[in-house]
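The next block holds one structure in the form of structure tokens; read it before the comments.
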Amino acid sequence: MPAMLVLSRKKNESIVIDDNIVITVVEIRGDKVRLGIQAPREVPVHRSEIHAAIQAEQQSAVSSEGSPRVPSQEP
Numbered sequence: 108m109p110a111m112l113v114l115s116r117k118k119n120e121s122i123v124i125d126d127n128i129v130i131t132v133v134e135i136r137g138d139k140v141r142l143g144i145q146a147p148r149e150v151p152v153h154r155s156e157i158h159a160a161i162q163a164e165q166q167s168a169v170s171s172e173g174s175p176r177v178p179s180q181e182p
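Numbers 108 to 182, taken from the numbering used here, label the letters of the sequence shown in order.
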């Protein structure tokens, strides 16, 4: 995994990634930070746990494609 860039931001401050993605600190409440993300529609944006679930589902689909299919038996 590449090194992580760690930045400090205050409420309403932003980070720009590759000229077309803007991440803004919308709210800070205790130990929770709300982020606003502006990105092109073709750029998928997911929380890490959702991303992991999508990856697992895709891997499962790829694995099952390699399995021989059993023809359905109709009555």
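All C-beta atoms, glycine included, are put in the ideal place defined by N, C-alpha and C.
Measure the CB-CB distance between residue i and residue j and report whether it falls below 9 Å.
i	j	result
ILE161	PRO147	no
LYS117	VAL133	no
ILE124	LEU114	no
Measuring alpha carbon to alpha carbon, tell me which residue in the options is nearest residue i.
i	options	result
THR131	ILE124, LEU142, MET108 and ASP138	LEU142
ASP126	SER170, ILE144 and PRO109	ILE144
GLU120	MET111, MET108, LEU112 and ILE135	ILE135
- Item | beta strand (DSSP E) runs contained entirely in the region 115-141, provided each spans 3 or more residues | 121-124 and 128-136
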